[in-house]
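Chemist: In the numbering used here, the protein residues as written are 1 to 655. All C-beta atoms, glycine included, are put in the ideal place defined by N, C-alpha and C.
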Amino acid sequence: MPLLLDFPGLALVAGCLILGLGLAAGGPPWLTWGERAVIGIVLAVVGLTLLGYVLALALGVTGGLVLLLALLGLAAGGFQLWRHLPRLRSAAATRPWAQPATISVAVAIAVVALTMGYLFLRAVEVTPDAWMAHYNNTWSDWSFHASYTTTFVYGHNLPPQNPIFAGTPFRYPFAPDFASALLVAGGWTIPAALAWPSLGMTVLALSGLIFWARRLTGGTAAGVIAVTLTLLGGGVGFWFFFGDAARLGLLDTLLHIPRSYDRFDPPVNIQWYNPILSYYLPQRSFVFGAAIVMAVLLLLTPPLLTTPFFRWRETIDAIRRSWRRWTIKSDAVAFLTAGGLTGVLPLFHVHSLVVLGIVTVCWALLFPRPAWLGFFAVMAVLAVPRLLMAVPGDPGAPPDHQYPRWLIGWVSGTDFPPWFWIKNTGLFWPLLLLALLSPLALRGRMRLLIAPFSLVFLVANLIKFQPWDWDNSKLLVFWYMASAVAVGAVLVRLARAHLAGAVVAAAIWLSLVGSGVLSLLQFLPPQGPAYVWFTNEEVQLAAQVRQQTPPKAVFVTGEQPNNPIADLAGRSVLMSYPGWLWSYGINYTRREADIQRIYAGGATALDLLHQYHADYVVVGPNEMTTLRPNLDYFNTTFRLVLHTASYQIYAVPPG
1 MPLLLDFPGL ALVAGCLILG LGLAAGGPPW LTWGERAVIG IVLAVVGLTL
51 LGYVLALALG VTGGLVLLLA LLGLAAGGFQ LWRHLPRLRS AAATRPWAQP
101 ATISVAVAIA VVALTMGYLF LRAVEVTPDA WMAHYNNTWS DWSFHASYTT
151 TFVYGHNLPP QNPIFAGTPF RYPFAPDFAS ALLVAGGWTI PAALAWPSLG
201 MTVLALSGLI FWARRLTGGT AAGVIAVTLT LLGGGVGFWF FFGDAARLGL
251 LDTLLHIPRS YDRFDPPVNI QWYNPILSYY LPQRSFVFGA AIVMAVLLLL
301 TPPLLTTPFF RWRETIDAIR RSWRRWTIKS DAVAFLTAGG LTGVLPLFHV
351 HSLVVLGIVT VCWALLFPRP AWLGFFAVMA VLAVPRLLMA VPGDPGAPPD
401 HQYPRWLIGW VSGTDFPPWF WIKNTGLFWP LLLLALLSPL ALRGRMRLLI
451 APFSLVFLVA NLIKFQPWDW DNSKLLVFWY MASAVAVGAV LVRLARAHLA
501 GAVVAAAIWL SLVGSGVLSL LQFLPPQGPA YVWFTNEEVQ LAAQVRQQTP
551 PKAVFVTGEQ PNNPIADLAG RSVLMSYPGW LWSYGINYTR READIQRIYA
601 GGATALDLLH QYHADYVVVG PNEMTTLRPN LDYFNTTFRL VLHTASYQIY
651 AVPPG
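(1) Rounded to whole angstroms, what is the Cα-Cα separation between L568 and T535?
(2) DSSP three-state call for G95: helix, strand or coil?
(3) With DSSP collapsed to three states, give me the class of E35.
(4) Any idea if L466 is buried or exposed, counting beta-carbon neighbours within 10 angstroms, 16 or more meaning buried?
(5) Roughly how many angstroms lie between the CA atoms of G73 and P86, to the nearest whole one?
(6) So the candidates are R493, S483 and F453; which of them puts its Cα closest to the Cα of P439?
(7) Indicate the three-state DSSP secondary structure (helix, strand or coil) for M481 in the structure shown.
(8) In angstroms with no decimal places, state the Cα-to-Cα distance between G22 and N472.
(9) Which residues bound the alpha helix (DSSP H) around E592?
(10) Please confirm whether L382 and V344 have their CB atoms less than 8 angstroms apart.
(11) Alpha carbon to alpha carbon, how far is G588 from Q596?
(12) For the beta strand (DSSP E) containing T253, name the first residue and the last one.
(13) Can you tell me which of the three DSSP states M132 falls into?
(14) Pick helix, strand or coil for R87, following the three-state DSSP scheme.
(15) Where does E537 sit, in a helix, a strand or coil, going by DSSP?
(16) Looking at the structure shown, is I276 part of a helix, part of a strand, or coil, going by DSSP?
(17) On the three-state DSSP scale, how would you describe Y148?
(18) Assuming S104 and T220 are in contact, meaning their beta carbons sit under 8 angstroms apart, how far apart are those beta carbons, in whole angstroms?
(19) I need the straight-line Cα distance from T644 to P629, nearest angstrom please.
(20) Just grab the DSSP bridge partners of V350 for me.
(21) Can you grab the Cα-Cα spacing for the pair V54 / L462, in whole Å?
(22) In this structure, what does DSSP give as the bridge partners for I463?
(23) For N274, which of S515, L642, Y633 and A543 has the nearest alpha-carbon?
(24) Would H145 and L183 qualify as a contact pair, given that the criterion is a beta-carbon distance under 8 angstroms?
(25) Helix or strand or just coil, what does DSSP make of H610?
(26) Residues in the same chain with beta-carbon distance under 6 angstroms from I508, minus the five sequence neighbours each way, listed in chain order, please.
(27) Nearest to L57 by alpha carbon, out of L81, L19 and F178?
(28) Any idea what DSSP makes of V344, helix, strand or coil?
(29) If you follow the alpha helix (DSSP H) that E623 is in, where does it begin and where does it stop?
(30) Since V532 sits in a beta bridge, which residues does DSSP pair it with?
(31) Out of L356, L229 and L520, state which residue places its alpha-carbon closest to the alpha-carbon of G488.
(32) Which term fits D252, buried or exposed, when burial requires 16 or more other beta carbons within 10 angstroms of its beta carbon?
(33) Let me know the alpha helix (DSSP H) ranges lying completely inside the stretch 411-478, each 4 residues or longer, listed in chain order.
(34) Excluding the five sequence neighbours on either side, which residues of its own chain have a C-beta within less than 8 angstroms of the C-beta of P653, listed in chain order?
(35) Does DSSP put Y53 in a helix, a strand or coil?
(36) Here's the rule I'm using: 16 or more other beta-carbon atoms within 10 Å means buried, otherwise exposed. How should R83 be labelled?
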């Protein structure tokens with residue numbers, strides 16, 4: 001992937017960083033500088049993305065808009081830094097960077113950033129012949145993220161309609177891909193615009209996890225362990241590695257991993273996939289949501305640590321006495337800010353909103369205070385309008401495509417649920433119960449702050465929130481992330497008790513990450529595979545389509561995930577990959593059948609094209625294989641507007 005990035009996009013990144021640091025400089029004094037930096041940069045990214053979207057409705061996604069946002073970020077952030085310069089000088093005089101605790105956190109974050117940077121920046125390799133994806137999940141997921149990114153900048157799709165199911169509402173949380181669209185407009189390549197923001201938000205999320213764990217445990221070690229578990233945690237699938245090593249030889253098995261050890265179909269039934277490969281690398285909405293979730297937790301946790309437990313009578317009396325002369329203090333501002341971040345989550349990652357909704361309701365019940373009213377009011381005002389549009393899904397979808405619905409036991413199938421979770425997470429649950437039910441590693445209030453995430457686990461084992469059952473893992477990953485802090489605290493306590501305890505703790509940790517490590521090795525050199533994402537011919541074809549067709553033109557294509565028309569040219573397509581549409585609850589059956597009729601040719605084909613307001617028909621390798629187009633019909637009835645060695649694009653005659 002090219003590391004040299006064009007100036008307007010770099011200026012926007014600089015604007016985000018300066019604005020984030022400026023917001024951090026003015027943050028609440030009861031937050032550490034590291035906590036304020038994470039919160040400030042997340043606020044800057046969210047704020048500039050949403051401001052950019054509002055301005056783009058009038059200006060379009062252009063290089064001028066990118067420079068305007070960069071200037072606004074630099075000016076606002078620079079002003080904040082100048083305004084708080086005395087405070088910064090006073091803080092610098094204490095030399096906080098020389099303290100051992102600060103050094104340990106900085107080293108941990110640097111290691112995380114370098115490791116994830118290596119993984120993200122090899123996700124897509126641009127070669128003279130093709131764009132190569134090095135992870136199967138990024139090959140597929142980044143295909144639709146590319147289509148959502150390019151539809152804004154090349155397709156002028158504002159206000160947006162669904163670019164992969166043309167003419168229908170766009171219910172997907174599109175803000176992360178709009179952020180990448182700004183970078184593409186700023187001169188970045190599509191792979192760079194997808195990878196760098198995902199890397200940045202991943203580092204923010206994992207840094208936030210370290211700071212949150214430090215706030216709860218008083219040290220860095222539990223947070224570092226939590227990060228390793230969050231990235232690599234898995235079940236007992238690693239046990240099959242020993243059989244493979246005995247059969248093939250240890251060295252050969254390590255150098256040529258014969259299979260994934262994080263997923264096994266029933267009856268083994270291990271469904272907890274490697275988090276790096278399944279969430280952090282491919283799921284761009286998830287990493288944005290995770291960073292926002294961690295910013296909210298960092299904002300709310302310090303005030304809750306000093307809030308009296310279950311003092312409802314006093315809280316209600318305080319609200320009655322002060323509601324006419326309410327003043328906003330720093331902790332109330334933190335709650336309002338957290339409510340704002342939570343409220344915009346439907347534009348970034350809906351599952352993160354579900355998680356924070358469950359957790360904050362529990363926290364409000366356990367630790368009541370008037371500021372919660374502001375939090376939930378701001379959250380509702382911002383979140384409800386988008387939820388009303390996005391959550392119901394397609395009303396015409398069959399019942400099994402609609403959601404939410406009951407899902408008892410998630411994907412445990414015939415397994416006894418506790419046994420299923422032992423297979424999928426190993427000793428994680430026993431250690432978590434030990435942490436939450438005993439004072440061995442955490443004080444009582446810390447346990448109460450982590451415990452509500454177990455309610456997220458319970459909800460995800462009772463109700464499904466998308467047609468695909470496995471997608472409930474998008475909730476479970478947050479339960480695992482927060483609970484990993486408690487598990488990490490237990491392992492630290494065990495390791496510090498005695499040398500034998502350290503050996504046991506290390507063995508337990510290895511058992512928790514073994515499956516994840518082995519599965520990740522399968523995709524790394526020297527054995528890592530490479531998948532052709534787009535050939536050079538397809539990249540050039542997309543450039544021609546952008547130059548020679550109107551931005552809002554609708555194309556009829558095949559159903560492959562890596563579609564150069566939708567993903568690279570930014571044009572809307574009548575229908576893309578059915579697996580995505582099904583997972584969003586979209587009823588595509590009739591349109592899929594109509595596309596078959598279109599490629600079969602005849603008078604019906606032209607009527608359908610006019611009915612769907614389609615402008616172009618694509619015939620390429622995928623269409624030739626799966627749809628068997630009537631080439632004689634298209635060559636005699638349609639005008640050929642673009643032609644390459646493997647592709648023909650026909651203009652639909654006017655009706």
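Modeler: Taking the structure as given:
(1) The sequence position of residue 568 within the sequence shown is 568, counting from 1. The sequence position of residue 535 within the sequence shown is 535, counting from 1. The alpha-carbon atoms of L568 and T535 are separated by roughly 11 angstroms.
(2) Translated into the one-based positions of the sequence shown, residue 95 becomes position 95. Sequence inspection shows Arg at residue 95; the Gly mentioned does not correspond to that position. Correct three-state label for R95: coil.
(3) Here residue 35 corresponds to residue number 35 of the sequence shown, with the count starting at 1. Three-state DSSP puts E35 in a helix.
(4) In the sequence shown, the residue the question calls residue 466 occupies position 466. Before going further, note that residue 466 is Gln rather than Leu in the sequence given. When all chains shown are included, Q466 counts as buried.
(5) Residue mapping note: residue 73 aligns to position 73 of the sequence shown, counting from 1. Residue mapping note: residue 86 aligns to position 86 of the sequence shown, counting from 1. The straight-line gap from Cα to Cα measures roughly 21 angstroms.
(6) Within the sequence shown, residue 439 is the residue found at index 439, counting from 1. Closest by alpha carbon: R493.
(7) Walking along the sequence shown from the start, residue 481 turns up at place 481. Residue state, collapsed to three classes: helix.
(8) Residue 22 sits at position 22 when you count from the first residue of the sequence shown. Residue 472 sits at position 472 when you count from the first residue of the sequence shown. Approximately 37 angstroms between the Cα atoms of the pair.
(9) Counted from its first residue, the sequence shown places residue 592 at position 592. Looking at the DSSP string, the run of the alpha helix (DSSP H) that includes E592 is T589 to A600.
(10) Start at 1 with the first residue of the sequence shown, and residue 382 comes out as number 382. Start at 1 with the first residue of the sequence shown, and residue 344 comes out as number 344. Yes. Within cutoff.
(11) Residue mapping note: residue 588 aligns to position 588 of the sequence shown, counting from 1. Residue mapping note: residue 596 aligns to position 596 of the sequence shown, counting from 1. A small correction: the amino acid at residue 588 is Tyr; Gly does not occupy that position in the sequence shown. Straight-line Cα distance between these residues: approximately 13 angstroms.
(12) In the sequence shown, the residue the question calls residue 253 occupies position 253. Run containing T253: none in the beta strand (DSSP E); it sits in the alpha helix (DSSP H), L250 to L255.
(13) Start at 1 with the first residue of the sequence shown, and residue 132 comes out as number 132. Three-state result, M132: strand.
(14) In the sequence shown, counting from the first residue as 1, residue 87 sits at position 87. Looking at R87 - three-state DSSP - the assignment turns out to be helix.
(15) Translated into positions along the sequence shown, residue 537 becomes position 537. Helix at E537.
(16) By one-based count along the sequence shown, residue 276 stands at place 276. Looking at I276 - three-state DSSP - the assignment turns out to be helix.
(17) Position 148 of the sequence shown holds residue 148. Y148 falls in the helix class under three-state DSSP.
(18) Counting from one through the sequence shown, the residue named residue 104 turns up at place 104. Counting from one through the sequence shown, the residue named residue 220 turns up at place 220. Correct: roughly 5 angstroms between the Cβ atoms.
(19) Residue mapping note: residue 644 aligns to position 644 of the sequence shown, counting from 1. Residue mapping note: residue 629 aligns to position 629 of the sequence shown, counting from 1. One C-alpha to the other measures close to 17 angstroms.
(20) For the purposes of this step, residue 350 is identified with residue 350 of the sequence shown, where counting begins at 1. None; V350 has no bridge partner.
(21) Sequence index remark: in the sequence shown, residue 54 carries index 54 (1-based). Sequence index remark: in the sequence shown, residue 462 carries index 462 (1-based). Straight-line Cα distance between these residues: approximately 38 angstroms.
(22) Taking the sequence shown and counting its residues from 1, the one referred to as residue 463 is at position 463. DSSP, once it has assigned bridges, lists W406 as partnering I463.
(23) Here residue 274 corresponds to residue number 274 of the sequence shown, with the count starting at 1. When each option's Cα is compared against that of N274, the closest is S515.
(24) Working through the sequence shown from its first residue, we reach residue 145 at position 145. Working through the sequence shown from its first residue, we reach residue 183 at position 183. Against a cut-off of 8 angstroms, the Cβ pair of L183 and H145 comes out as no contact.
(25) By one-based count along the sequence shown, residue 610 stands at place 610. Looking at H610 - three-state DSSP - the assignment turns out to be helix.
(26) Translated into positions along the sequence shown, residue 508 becomes position 508. Excluding sequence neighbours, I508 sits near L427.
(27) The residue labelled residue 57 in the question sits at position 57 within the sequence shown. The shortest Cα separation from L57 among L81, L19 and F178 belongs to F178.
(28) Translated into the one-based positions of the sequence shown, residue 344 becomes position 344. Reduced to three states, the DSSP call for V344 is coil.
(29) Here residue 623 is taken as the residue at index 623 of the sequence shown, counted from 1. Run containing E623: P621 to T626, per the alpha helix (DSSP H) assignment.
(30) The residue given as residue 532 occupies position 532 in the sequence shown. DSSP, once it has assigned bridges, lists M132 as partnering V532.
(31) By 1-based counting over the sequence shown, the position of residue 488 is 488. With distances taken between Cα atoms, G488 lies closest to L229.
(32) Translated into positions along the sequence shown, residue 252 becomes position 252. With fewer than 16 other Cβ atoms within 10 Å, it is exposed.
(33) 417-425, 428-437, 444-450 and 452-460
(34) Working through the sequence shown from its first residue, we reach residue 653 at position 653. Within the same chain, P653 has close Cβ partners L606, T637, F638 and R639.
(35) Taking the first residue of the sequence shown as position 1, residue 53 is located at position 53. Reduced to three states, the DSSP call for Y53 is helix.
(36) Walking along the sequence shown from the start, residue 83 turns up at place 83. It counts as exposed.
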